[in-house]
Each structure stands twice: as C-alpha cells, then as structure tokens.
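Student: I'd like to ask some things about the structure below.
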Amino acid sequence: MVTAIYPGSFDPVTNGHLDIIARAVRLFDRVIVAVYDRPAKRLLFSAEERVEMIRQAVADCPNVSVERYDTLTVEYARRVGAQVIIRGLRAMTDFELELQMAHINHRLAPEIEVVCLMTAQHYSFLSSSIVKEIAALGADVSNLVPAHVAQALREALGSREKPADSERGRK
Ligand code: ADP
3 MVTAIYPGSF
13 DPVTNGHLDI
23 IARAVRLFDR
33 VIVAVYDRPA
43 KRLLFSAEER
53 VEMIRQAVAD
63 CPNVSVERYD
73 TLTVEYARRV
83 GAQVIIRGLR
93 AMTDFELELQ
103 MAHINHRLAP
113 EIEVVCLMTA
123 QHYSFLSSSI
133 VKEIAALGAD
143 VSNLVPAHVA
153 QALREALGSR
163 EKPADSERGR
173 K
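Each number in the working numbering comes from the position in the sequence shown (counting from 1) with 2 added on.
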C-alpha cells in the first residue's frame, strides 16, 4: 500500500492541479492532497475554503482525501504514513525550485521519495496566481478551474471585478 501526499497552497485549485491528482491516483493506492496552511505568500482563500474547493473537485475519486497541515511537509508525510511526496512540473522554471526542495526534503527524511509528475502540455501555463490575476480583471476562467472555483473567485474578487467591467463598458 503506497500512500502519496500532494502538498501545495492551492489558492485556489486549478485544472492543472487536478490533472496531477488524476495522474497520481493511477500510480498510488492512496493520495492525500495536503493543503499548506500558511505559505509565505499572500492568500486569497482561507485554508478551510481551499480544502473545501478541492474536496468538491475530487468528490468522485475514492482514493483521494484532502487535509490541511501546518508543519514541515516531510513531518506531515511521516505522520500520515506517506512514502511519497508528489509535485507537479510545468516547465524548466519549476524544476530548479523543485530540485532544491527535493534535496532538502531528502536530507530531512531520506525514506520519503519526491516524485515529480509532468503536467499536460495544455496546462503548462496555468498557475493559481495567473488565474487570480485574470479573474480579478474580469476574464472568464471557466476553462481553467472547476465551476465552483470560478464562482468562488467571482465572489472573492467581486469588488475588484467592477473596474474591469466598467472598462469593458467604455469600449
Ligand atoms: P506551492 O505554493 O507549493 O507551489 P501550488 O498550489 O502553487 O503550491 O502548487 C502545488 C504543486 O502543484 C506544485 O508542485 C506546483 O508545481 C504544481 N502545479 C501548479 N500548477 C500546476 C499545473 N498547471 N500543472 C501541473 N502542476 C502544477
């Protein structure tokens, strides 16, 4: 029985993340999507909201669960008995940081393997930050995130969408 955790901030979950989860499910017996509580970046959604959005998106996947954590990722992996940490790779720019993190994690927990999965090419441009950026400017993100996430973005960014709407009205 191989358990893998897929850690990240998921602010919010995108179709790129879901693509990685779908690939991971085919490789491992159990996949835990681990939502990091306090990443060193400004967040739009609370940990509960980020967890809930992923839970809804993976509701049909029997071997996937979603939990939040606020410790070192390797500590969390040990606590839940995971042997593997999954990370997603979009481009070479991701690789350098992931390699550095994998080396650090290996020092901290040599028994845990980091497995990087390559995203589908059509998601290689997709990140939570780009989704938030274009959603804030009023763009349609419905082909980049699940419908309930697009709705949550509209609600969270509602006040900032207005200037973009009025811009459009002026054209
Ligand atoms: P973090 O703050 O840990 O980078 P993210 O939520 O941004 O958290 O990403 C979590 C993981 O998912 C990372 O390994 C990241 O490279 C990967 N990832 C993000 N977007 C995509 C995507 N479009 N395709 C594949 N992997 C992705």
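Heads up, the beta-carbon is just placed ideally off N, CA and C, and yes, glycines get one too. Keep in mind the model is a prediction, meaning the values are calculated, not measured.
1) Given a threshold of 16 other Cβ atoms within 10 Å of its Cβ, counted over all protein chains shown, does R160 qualify as buried or as exposed?
2) Quick one: give me the first and last residue of the alpha helix (DSSP H) that T95 is part of.
3) Can you give, in chain order, each stretch of the alpha helix (DSSP H) that sits fully within the segment 111-161 and has at least 4 residues?
4) Rounded to the nearest angstrom, what separates E50 and T75 at their Cα positions?
5) Helix, strand or coil, according to DSSP, for A6 in the structure here?
6) Closer than 8 Å by C-beta to T16: which residues in its own chain qualify, once you throw out the five before and the five after it? Chain order, please.
7) Could you check how far apart the C-beta atoms of A22 and L119 are, in whole angstroms? I think they sit under 8 Å.
8) On the premise that I88 lies in contact with A6, defined as a C-beta separation below 8 Å, what is that separation, rounded to the nearest angstrom?
9) Helix, strand or coil, according to DSSP, for L1 in the structure here?
10) Quick one: residues in its chain with C-beta nearer than 7 Å to the C-beta of D72, no 5 flanking neighbours on either side, listed in chain order?
11) Alpha carbon to alpha carbon, how far is V66 from R44? Give it in angstroms, no decimals.
12) For the segment 24-32 against the segment 95-110, do three or more pairs of beta-carbon atoms, one drawn from each stretch, fall closer than 8 Å, so that the two count as touching?
Tutor: Let me spell this out:
1) Note on identity: in this sequence residue 160 is Gly, with Arg being the wrong assignment. Exposed.
2) M94 to L110
3) List check, alpha helix (DSSP H) in window: 130-138.
4) The C-alpha of E50 lies about 18 Å from the C-alpha of T75.
5) strand
6) Y125, L128, S129, S130, V133, L146, V147 and V151
7) Residue 22 is actually Ile in this sequence, not Ala. Confirmed, about 5 Å.
8) 5 Å
9) Nothing in the structure corresponds to residue 1, since the chain is present only between 3 and 173.
10) D39 and R40
11) 27 Å
12) no
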